[in-house]
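Novice: Each residue of the sequence shown is one higher than the last, beginning at 87 in our numbering.
By construction, the Cβ of each residue, glycine as well, lies at the ideal position given by its N, Cα and C atoms.
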Amino acid sequence: MTEMNTQPKIIAGPCVIESAELLDTVARTLVDINSRLGVDIIFKASFDKANRTSIRSFRGPGIDKGLEMLADIKSRYGLKLLTDIHESWQAEHTGQVVDVIQIPAFLCRQTDLLVAAAKTGRTVNVKKAQFLSGNDMRYPVEKARESGAADVWLTERGNIYGYNNLVVDFRNIPDMKEITPTVVMDCTHSVQRPGGADGKTGGDRRFVPMMAMAAKAFGANGYFFEVHPDPDKGLSDAANMLRLDDLEDLVRKLITD
């Protein structure tokens, strides 16, 4: 398929909505980066982390309060929004607020979830499951398109490699571009050590820039970063999130030929 836009899509924001103050801090930074670099960063945050390792883990404010907070960010900063859903009934409400509905990797084969997201008329970003190949993702895309989705993106986030580990096969990127024009590299979740940190997910953020640049070499035209001003104090995916202050330099490298 032919790409219609040479400008890469940049998605960035905190893993989970922790507070209004955090959303404001990140949003202001994204607006500044947009202005300086001439990009259009999509703001990402989750209203509910439904797939946390432990029942004691922080999940977020929930759909009603979370979407209200995201709508406030969109109104005040003019940023496009992306968030994820975990259940079909969440799609309609979420689609009234955000520009992109994301389907989590573990749920990418859930037909009713894909159909509900597609019916909102919003862009649907489907993360590739940790147990699937890039070629396997033609079927989730087919489900979304046949249910009326105007645009479907695919996101690479690594594959299960034994226990508590992921490995990225970058060949999945060109394989998925044969299915849909927009393929995003999830540069932060791909450095996870799932469930490998005593009841929570571990990881190593120092590899995030390398994941991004390798994905660029394989033809990715979108990049997903979870960012936080102080990642080690983050309430979800602390070990994987990129420092907010490091985002601009990395985006600059990605948009420069």
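If you scan the region 185-263 from start to end, which runs of the beta strand (DSSP E) of 3 or more residues do you find wholly inside it?
Specialist: Segments of the beta strand (DSSP E) lying fully in the region 185-263: 186-189, 209-213 and 238-242.
Novice: For Asp343, is the classification buried or exposed, using 16 other Cβ atoms within 10 angstroms of its Cβ as the cut-off for buried?
Specialist: Per the 10 Å Cβ criterion, exposed.
Novice: Which word fits Asn211, buried or exposed, when buried means at least 16 other C-beta atoms lie within 10 angstroms of its C-beta?
Specialist: Looking at its Cβ environment, which holds 16 or more other Cβ atoms inside 10 Å, Asn211 is buried.
Novice: Alpha carbon to alpha carbon, how far is Arg138 from Ile341?
Specialist: If you take the alpha carbons of Arg138 and Ile341, they lie about 33 Å apart.
Novice: Are there 16 or more other CB atoms within 10 angstroms of the CB of Glu154, so buried, or fewer, so exposed?
Specialist: Label assigned to Glu154: exposed.
Novice: What residue ranges within the region 119-160 form continuous beta strand (DSSP E) runs of no fewer than 3 residues, ordered along the chain?
Specialist: The qualifying runs are 128-130.
Novice: List, from N- to C-terminal side, the beta strand (DSSP E) runs of 3 residues or more that fit wholly inside the region 269-337.
Specialist: If we require 3 residues or more, the beta strand (DSSP E) runs fully inside the region 269-337 come out as 269-272 and 308-314.
Novice: Have a look at Pro260 and Ala191 and give me their C-alpha separation to the nearest angstrom.
Specialist: The straight-line gap from Cα to Cα measures roughly 18 Å.
Novice: Restricting to Cα atoms, I'd like to know which of Pro317, Asp255 and Ala106 is closest to Leu330.
Specialist: Among Pro317, Asp255 and Ala106, the Cα nearest to that of Leu330 is on Pro317.
Novice: Let me check understanding here. Comparing Cα to Cα, which of Met262, Gly234 and Ser233 lies closest to Leu240?
Specialist: It is Met262.
Novice: Taking 8 Å as the threshold (C-beta atoms), are Ile128 and Gly95 in contact?
Specialist: Looking at the sequence shown, residue 95 is not Gly but Lys. It is a contact, given that the beta carbons lie within the stated cut-off.
Novice: Counting only the same chain and skipping the five closest in sequence on each side, list residues whose C-beta sits under 8 Å from that of Phe217.
Specialist: Excluding residues within five positions, the ones whose Cβ falls inside 8 Å are Asn245 and Ile246.
Novice: Would you report the Cα separation of Leu336 and Met297, rounded to the nearest angstrom?
Specialist: Their backbone Cα atoms lie some 11 Å apart in a straight line.
Novice: Check the DSSP bridge columns for Val102 and list the partner residues they point to.
Specialist: In DSSP, Val102 forms a bridge with Ser132.
Novice: What would DSSP say about Leu116, mapped onto helix, strand or coil?
Specialist: Helix, per DSSP.
Novice: Given Val184, which residues of its chain have a CB within under 7 Å of its CB, disregarding the five upstream and five downstream residues?
Specialist: Once the five neighbours on either side are set aside, the close Cβ partners of Val184 are Leu156, Leu167, Leu168, Thr169 and Arg208.
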